[in-house]
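Down below is the structure, laid out as structure tokens.
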Amino acid sequence: MFHKILVAIDNSDICQPVFEKAVSLAKLADAHLMLFNVISPFDEQYPYPAYINGNFIALNLHEEAMKEYMGEWEKLKQDGINFLSQRCQQARDMGVNAEFTQHLGDPSRMICELARNWNADLIILGRRGHTGLSELLLGSVSNYVLHHAPCSVLTVQQPIKLNTEELQQVQTASV
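If you read the sequence shown in the numbering used here, its first letter stands for residue 4, the second for the next number, and so on.
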């Protein structure tokens, strides 16, 4: 059975089902749960890339803009810690031995690295469903983890959202 479960979560749509599955499984297995969030400087929701290999790279910003930029990163990190802290408390309230950590870097590699260093038996993460060109350009964290993880991996699929054209095709095909 599983003794140490690493769950990679962020504040996206897929987080809730991933978290629920992780807590349920940890409770069933009486396993220790590590909630893990990676802030990727290359994610489009964050300020433009400026953090590489653990260091802020030199930016051509004037001093005032640099202070504002650094303030955005500090707020982002604190928001992540607050999010993880709340989720961790929820897991504890449900009787699960849980802790959390947050790192900056490439999510794919960071998840596998933490799983290896923490000796995880299982990694649970969501899959956003990027395919084709978007997967090629954005990469696939779940695909990387499946191929490089030092332990078993459970992926939780996000429900597929059809755009208007795809929805019309499905409706036409079913008539």
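Every residue gets a Cβ at the ideal spot worked out from N, C-alpha and C, and that includes glycine.
Skipping 5 residues on each side, what residues in its chain have a beta carbon closer than 7 Å to that of Gly83? As a first step, residue 83 is located in the sequence shown; it is residue number 80 there, counting from the start. The residues are Asn40, Ile42 and Gln105.
Which same chain residues end up closer than 7 Å to Glu23 when comparing Cβ atoms and leaving out the 5 residues on each side of it in sequence?
Against the sequence shown, residue 23 aligns to sequence position 20. Around Glu23: no qualifying Cβ.
Practice task
Assign Met97 to one of three DSSP states: helix, strand, or coil.
Solution key: For the purposes of this step, residue 97 is taken as the residue at position 94 of the sequence shown. Met97 sits in coil when the DSSP states are folded into three classes, being neither helix nor strand.
Pick helix, strand or coil for Ala11, following the three-state DSSP scheme.
-> Reading the sequence shown from its first residue, position 8 is the one you call residue 11. If DSSP states are grouped into helix, strand and coil, Ala11 belongs with the strands.
Handout entry: Length of the line joining the Cα atoms of Gln160 and Ser15
Key = Here residue 160 corresponds to residue number 157 of the sequence shown, with the count starting at 1. Here residue 15 corresponds to residue number 12 of the sequence shown, with the count starting at 1. It is roughly 13 Å from the alpha-carbon of Gln160 to the alpha-carbon of Ser15.
Please report the distance separating the alpha-carbon of Met4 from that of Ala32.
As a working note, residue 4 is residue 1 in the sequence shown. As a working note, residue 32 is residue 29 in the sequence shown. Going from the Cα of Met4 to the Cα of Ala32 covers about 7 Å.
Which of helix, strand or coil does DSSP assign to Ser111? For the purposes of this step, residue 111 is taken as the residue at position 108 of the sequence shown. Helix.
> If we count the other Cβ atoms within 10 Å of its Cβ and call it buried at 16 or more, is Met97 buried or exposed?
Replying inline: Position 94 of the sequence shown holds residue 97. It counts as exposed.
Gln92 - DSSP class collapsed to helix/strand/coil:
Numbered from 1 along the sequence shown, position 89 holds the residue referred to as residue 92. Helix at Gln92.
query: Name the DSSP bridge partner or partners of Ile126?
result: As a first step, residue 126 must be located in the sequence shown, where it is residue number 123. Beta-bridge pairing links Ile126 to Leu9 and Val156.
Q.
According to DSSP, simplified to helix, strand and coil, what is Gln161?
A. Here the question's residue 161 lines up with position 158 in the sequence shown. Looking at Gln161 - three-state DSSP - the assignment turns out to be coil, as it is neither helix nor strand.
Report yes if the C-beta distance between His150 and Cys115 is below 7 Å; otherwise report no. Numbered from 1 along the sequence shown, position 147 holds the residue referred to as residue 150. Numbered from 1 along the sequence shown, position 112 holds the residue referred to as residue 115. Contact flag unset, no.
Contact defined as beta carbons within less than 8 Å: I believe Val99 pairs with Lys7. What is the distance between those atoms, to the nearest angstrom? Taking the sequence shown and counting its residues from 1, one reaches residue 99 at position 96. Taking the sequence shown and counting its residues from 1, one reaches residue 7 at position 4. Contact doesn't hold; Cβ gap of about 12 Å is too wide.
Exercise for review: Quick one: grab the DSSP three-state call for Ile3.
Suggested key: No answer is possible for residue 3: it lies beyond the span of the chain, which begins at 4 and ends at 178.
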